[in-house]
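Visitor: Under full-length UniProt numbering, the first residue of the sequence shown carries the number 1, and numbering increases by one thereafter. Quick reminder that beta carbons are idealized off the backbone N, C-alpha and C, glycines included. Model, not experiment: these values are computed from the prediction.
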Amino acid sequence: MKLRMELTTFTSLRTTASVLAVVTALSLAYLINRHNFITDENIDTYRCLQKQFVPTILSTDPLLIHIDEFVTPFEAEYLISLAKFEPSTIGLSDKITNTTTRRSQSAVLPDVLEANVSDPVVECILQRASAFQGHVPLSHTEPLQLVKYQAGEYYRAHYDAWTTNKPDTQGNRETSFFVTLRSVGLLNSTRQDGEAVATTGARSSAGTSFPRLRRRFEDARLCKAIECGGEEEGIVAKPVALRVGVA
1 MKLRMELTTF
11 TSLRTTASVL
21 AVVTALSLAY
31 LINRHNFITD
41 ENIDTYRCLQ
51 KQFVPTILST
61 DPLLIHIDEF
71 VTPFEAEYLI
81 SLAKFEPSTI
91 GLSDKITNTT
101 TRRSQSAVLP
111 DVLEANVSDP
121 VVECILQRAS
131 AFQGHVPLSH
141 TEPLQLVKYQ
151 AGEYYRAHYD
161 AWTTNKPDTQ
171 GNRETSFFVT
181 LRSVGLLNST
191 RQDGEAVATT
201 GARSSAGTSF
211 PRLRRRFEDA
221 RLCKAIECGG
231 EEEGIVAKPV
241 ALRVGVA
């Protein structure tokens with residue numbers, strides 16, 4: 001069993017694109033959205049808060065859940081400050097850069113399971129994700145990864161899974177958390193071949209797209225988490241963060 005968490009920032013002046021993914025039966029995906037609440041202001045006074053989750057089930061097969069207020073404003077900005085971005089890669093070796101498929105920047109955050117590595121915020125986020133799933137052992141988790149999408153960047157629709165559950169790959173991920181840490185200037189977009197291409201205009205429909213899933217219900221209360229009334233197929237989770245920032 002493996003748990004993966006991807007922390008995302010979206011940045012744009014007048015245009016943007018989106019990350020897209022297809023969920024297979026081998027994995028459960030969790031979409032995280034955060035809203036305004038009081039928290040610590042610096043690392044010296046930081047406390048790992050025990051969270052009361054407010055989940056909304058968007059799909060049952062495969063399981064797709066939206067969670068409000070998973071990280072605090074301080075945690076989001078602190079995690080961004082740790083990132084040392086490099087061009088995002090694809091493939092089994094993590095050494096292949098293919099901008100036709102993926103164009104963004106990524107950073108792996110400190111692996112707190114390694115000896116002599118410690119970070120209270122990273123540890124807190126992993127513990128929080130573990131608790132949501134019935135306290136999965138942290139030894140079954142992967143290091144946190146932060147991904148940054150600027151104007152015109154994207155990740156085309158793809159399957160995020162190994163072809164087999166071989167021991168040398170530690171098996172497939174059973175869960176993935178996608179957390180929006182910061183979103184800036186998201187404007188209207190149109191979809192082309194699984195990719196969201198931004199244009200100037202109103203608020204964006206850019207987000208994380210699950211094109212093979214179908215909504216369970218049509219209810220306006222879901223529109224805070226997913227795109228409603230658009231022409232896109234499947235479920236598109238909004239990349240909503242607490243406040244506008246500068247990446």
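Give the range of the alpha helix (DSSP H) segment to which S81 is assigned.
Guide: It spans 73-82 - the alpha helix (DSSP H) in which S81 sits, taken as one unbroken run.
Visitor: Quick check on the burial criterion: 16 or more other C-beta atoms within 10 angstroms. Buried or exposed for S88?
Guide: Burial call: buried.
Visitor: At a cut of 8 Å, does the segment 41-59 reach the segment 205-220 through at least three beta carbon pairs?
Guide: Yes: at least three Cβ pairs fall under 8 Å.
Visitor: In this structure, does DSSP put F217 in helix, strand or coil?
Guide: Correct three-state label for F217: coil.
Visitor: What's the C-alpha gap between L138 and Y149?
Guide: Their backbone Cα atoms lie some 28 Å apart in a straight line.
Visitor: Can you name the residues that DSSP bridges to N224?
Guide: First, the residue type needs correcting, since residue 224 is Lys and not Asn in the sequence shown. BP columns for K224 are empty, so no partner.
Visitor: Going by beta carbon distance, what residues of the same chain come within less than 7 Å of F132, once the five residues before and after it are set aside?
Guide: Around F132: F53.
Visitor: Taking T180 as the reference, give the member of R156, T208, L222, A161 with the closest Cα.
Guide: Measuring from the Cα of T180, the nearest candidate turns out to be T208.
Visitor: Indicate, with yes or no, if the ligand PLP has a heavy atom lying under 7 Å from the CB of D119.
Guide: This structure does not include the ligand PLP; it has no bound ligands of any sort.
Visitor: Give me the Cα-Cα distance between A83 and L113, rounded to the nearest whole angstrom.
Guide: Straight-line Cα distance between these residues: approximately 18 Å.
Visitor: By the 10 Å Cβ neighbour count, where 16 or more other Cβ atoms means buried, how is P55 classified, buried or exposed?
Guide: Per the 10 Å Cβ criterion, exposed.
Visitor: For L109 and E123, what's the separation of their Cα atoms in angstroms?
Guide: Spanning the two alpha carbons is a distance of roughly 11 Å.
Visitor: Considering only residues of the segment 104-134, which uninterrupted beta strand (DSSP E) runs meet the minimum length of 3 residues and lie entirely inside it, listed in chain order?
Guide: Entirely contained in the segment 104-134, the beta strand (DSSP E) runs reaching 3 residues are, in chain order, 105-108.
Visitor: Quick one: is H135 buried, meaning 16 or more other Cβ sit within 10 Å of its Cβ, or exposed?
Guide: So H135 ends up on the exposed side.
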